[in-house]
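Visitor: Sharing a structure, written as structure tokens. Questions coming.
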Amino acid sequence: MCRSMKERYFERVYQDKGKYRMIRGKRKYTAALAVAAVLALTGCAQGDNSFMAFLGGTARQESAPAQSAEPESALDDLNRSGIYDSEDAAVVVRKDLEAGTVQFQNIASSRRYTLSYDGTTTIYDKNDQALSMEQLKEGSVVTVRFYKPRKALAYVKENPDCISYRNVSNYQMDLHKGTITIGNELYNISGHVVVVSGGRETDMMEVNQMDVLSVWGYKNMIYGVNVEKGHGYLRLQNEDYFVNGWIDVGDSVIRKVASDMLLVVPEGTHTVTVSHKGSSATQEITFARNEEMAWDLGDVEITVVQRGTVIFTLTPATAKVFIDGKEVDASRPVSIEYGLHQMRITADGYDTVAQYIKVAEPSANVAVELEKSEEETAEQSTQSAEEKDTSKKASDDQDEEEDEEDEEEEPASKKYQSSLSQEEDEDEEENEADEKKSDVVSSTSKYKVYIDAPDGVEAYLDGNYVGITPISFNKVPGSYVVTLRKAGYQTRSYTLQIDSEEKDVNYSFTELMKLED
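Here the working numbering runs 1176 ahead of the position in the sequence shown, where the first position is 1.
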């Protein structure tokens, strides 16, 4: 933008006897050029406050001026010449390749506008490599140059000063706080964030935690999201035999099987396995984005009941092992039915380990080493310090030791009383915690989450059927996925972040889209 102190500015285009002429002024804009000497165009960093805005939208010429011609052809020449009079930091919202248009959203003002493009429009990535319009990503933050009178797009470049993440799966969303954590970095989500999935604009509530995203922003604010891989839906049919068993979708979705389930599953081809009482069935299924697949378990061949022997090696050896909620004797080989199982290992003074195990072989070894809890480590440090103090006191003369022993008898009893008091305090704290828990439980029966719209559709909470809308369910703080379904319409799911406030919550979602015949 700041090429030299003698930069020539395109001042005006006017009609003279039916022809257009271009006048190049030689006036020196002293104040503007002084600023130009120290400012560089950064797009996101300056937004509407860029040097272009400072100049009041003065047009600039990047090629030789057009020759005089008839009015229409002159304007065409003007477009082809690369002239632009406006520049923005913006987010790509939507591309229409057939119409030759692109919709942008200004970062600073959130104002939207549509520009037309043609073969003369130049498009670059952040490394100045040429791109086609097909390669330009919706949701990306770009620098845009255009000629406002004709709404003609001259130049687009992915802004190199903006943060960008491609194909991210390691992230955590908190829509209640309006934040997203990518790796170890925490970002705020703009209230006008552009979210695009499969070329269709959507919102953050329709983003599922299993989706793969590309994300763009500036500093600590996210302005654009593109869902690279989304999610589809799996419905089980004739699943009665497997109810209360387990279903595993590509190791990314592990759920207990219930009647009338509608699971949200990652887009792509995955191996799906259902198991119950040692019997199992497996099928490779391809899930398309936002589409529902049905798996009829009445047509699959169920394997015979099989069991595998699992040998546990535990540290500490006194640890207890629970499989599907039942304690097993881990001191000897344990016979477990084939399939997925919940495993929980506990020991006093150690952190509990809880995870899934898959039994699929005649024999297997499972080695688990528990980590000491922080409280236990702190207690051991305290005891060690007390032992050092005791040994130091033991080095005194015998008379003093006897006096100390006499004096210590009372503190010992006090210590015992203190220990009892501490236990009582702990019991009181536990009781208070139980009371708080009971308050939460009572609040769930008192406060509800309502799904008011759309009307007359099936609603599923984390895959389990809850009724036909409008419906309500008990309010329990946490993150949930609500799925809405109706025959002949596109299924949609939304991520809900339920708060702990003592009041009802109401949600109204857009009408489902009717599927084409």
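We treat Cβ as the ideally placed atom computed from N, Cα and C, and that holds for glycine.
Taking DSSP as the reference, what is the three-state secondary structure of residue 1712?
Guide: Outside the displayed span of the chain (1177 to 1693) sits residue 1712, for which this structure offers no information.
Visitor: Do you know how far the Cα of residue 1546 is from the Cα of residue 1604?
Guide: Unreliable placement is indicated for residue 1604, whose pLDDT of 43 sits below 50; the coordinate value is still reported in the next sentence. Their backbone Cα atoms lie some 29 Å apart in a straight line.
Visitor: Can you list, in chain order, the residues of its chain with a C-beta nearer than 7 Å to that of residue 1540? Leave out the 5 residues immediately preceding and following it.
Guide: Around residue 1540: 1484 and 1486.
Visitor: With a Cβ-Cβ cutoff of 7 Å, do residue 1269 and residue 1299 count as a contact?
Guide: The answer is no: Cβ separation not under 7 Å.
Visitor: On the CB-based measure, 16 or more other CB atoms within 10 Å of its CB, does residue 1424 come out buried or exposed?
Guide: So residue 1424 ends up on the buried side.
Visitor: Helix or strand or just coil, what does DSSP make of residue 1467?
Guide: It is coil, neither helix nor strand.
Visitor: Express the C-alpha separation of residue 1467 and residue 1663 in angstroms, rounding to a whole number.
Guide: Residue 1663 and residue 1467: Cα-Cα distance of roughly 12 Å.
Visitor: Mark residue 1305 as exposed unless 16 or more other C-beta atoms lie within 10 angstroms of its C-beta, in which case mark it buried.
Guide: Residue 1305 comes out exposed.
Visitor: Would you please state the rounded distance, in angstroms, between the beta carbons of residue 1434 and residue 1419? I believe it to be under 8 Å.
Guide: Confirmed, Cβ separation roughly 6 Å.
Visitor: Please state whether DSSP places residue 1312 in a helix, a strand or coil.
Guide: If DSSP states are grouped into helix, strand and coil, residue 1312 belongs with coil.
Visitor: Given this structure, state the Cα-to-Cα distance separating residue 1721 from residue 1472, to the nearest angstrom.
Guide: Look at the range of the chain in this structure, 1177 to 1693, and you will see that residue 1721 is not part of it.
Visitor: In angstroms with no decimal places, state the Cα-to-Cα distance between residue 1228 and residue 1263.
Guide: Legend: pLDDT at residue 1228 = 37, less than 50; position of this residue unreliable, no value from coordinates given.
Visitor: Closest to residue 1365 by C-alpha separation, out of 1502, 1401 and 1657, would be which residue?
Guide: Out of 1502, 1401 and 1657, 1401 has the C-alpha closest to the C-alpha of residue 1365.
Visitor: Assuming residue 1447 and residue 1474 are in contact, meaning their beta carbons sit under 8 Å apart, how far apart are those beta carbons, in whole angstroms?
Guide: The Cβ separation is near 20 Å, so there is no contact.
Visitor: Which value, in whole angstroms, describes the spacing of the CA atoms of residue 1376 and residue 1354?
Guide: Cα-Cα distance, rounded: 22 Å.
Visitor: If residue 1390 and residue 1360 are in contact, beta carbons under 8 Å, what's the gap, nearest whole angstrom?
Guide: Contact doesn't hold; Cβ gap of about 19 Å is too wide.
Visitor: State buried or exposed for residue 1686, treating a residue as buried only when at least 16 other CB atoms are found within 10 Å of its CB.
Guide: Residue 1686 is exposed by the Cβ-count criterion.
Visitor: What is the DSSP secondary structure of residue 1380, reduced to helix, strand or coil?
Guide: It is helical.
Visitor: DSSP puts residue 1472 in a beta bridge; with which residues?
Guide: Answer is 1413, bridged to residue 1472.
Visitor: Count the other C-beta atoms from every protein chain shown that fall within 10 angstroms of the C-beta of residue 1452, then say buried if there are 16 or more, exposed otherwise.
Guide: Residue 1452 should be labelled buried.
Visitor: Identify whether residue 1326 lies in helix, strand or coil by the three-state DSSP scheme.
Guide: In this structure, residue 1326 counts as helix in the three-state DSSP scheme.
Visitor: Exposed or buried, what is residue 1293 when buried is set at 16 or more other beta-carbons lying within 10 Å of its beta-carbon?
Guide: Classification for residue 1293: buried.
Visitor: What distance in whole Å lies between the Cβ atoms of residue 1658 and residue 1669, which are believed to be in contact at a cut-off of 8 Å?
Guide: 7 Å between Cβ atoms; contact.
Visitor: For residue 1622, name the three-state secondary structure that DSSP assigns.
Guide: Correct three-state label for residue 1622: helix.
Visitor: Determine the direct distance from the alpha carbon of residue 1672 to that of residue 1636, and round the result to whole angstroms.
Guide: Roughly 12 Å between the two C-alpha positions.
Visitor: Pull up the distance between the alpha-carbon of residue 1324 and that of residue 1330, whole angstroms please.
Guide: Computed Cα separation, rounded: 10 Å.
Visitor: Quick check on DSSP: helix, strand or coil for residue 1418?
Guide: Of the three classes helix, strand and coil, the one that applies to residue 1418 here is helix, per DSSP.
Visitor: When burial is assigned at 16 or more other CB atoms within 10 Å of the CB, is residue 1442 buried or exposed?
Guide: So residue 1442 ends up on the buried side.
Visitor: Hey, out of 1432, 1465 and 1437, whose CA is closest to residue 1445's CA?
Guide: The option with the nearest alpha carbon to residue 1445 is 1465.
Visitor: Give me, in chain order, the residues of the same chain whose beta-carbon lies closer than 6 Å to that of residue 1372; leave out the 5 immediate sequence neighbours on both sides.
Guide: Answer for residue 1372: 1314, 1315 and 1402, listed in chain order.
Visitor: Out of 1524, 1526, 1499 and 1523, point me to the one whose CA is closest to residue 1513's CA.
Guide: Ranking 1524, 1526, 1499 and 1523 by Cα distance to residue 1513 puts 1499 first.
Visitor: Quick check on residue 1121: does DSSP put it in helix, strand or coil?
Guide: Limits of the chain in this structure are 1177 at one end and 1693 at the other, which puts residue 1121 out of reach.
Visitor: Can you have a look at residue 1259 and say buried or exposed, based on whether 16 or more other CB atoms are within 10 angstroms of its CB?
Guide: Under this definition residue 1259 is a buried residue.
Visitor: Suppose you measure from the CA of residue 1335 to the CA of residue 1278; what does that come to, to the nearest Å?
Guide: Each residue's Cα considered, the two are about 17 Å apart.
Visitor: I'd like the ranges of any beta strand (DSSP E) spanning at least 3 consecutive residues and lying wholly in the region 1325 to 1404.
Guide: Whole beta strand (DSSP E) segments, 3+ residues: 1328 to 1334, 1339 to 1344, 1347 to 1350, 1355 to 1358, 1361 to 1373, 1376 to 1378 and 1388 to 1394.
Visitor: What did DSSP end up calling residue 1443 once you bin it into helix, strand or coil?
Guide: Coil, per DSSP.
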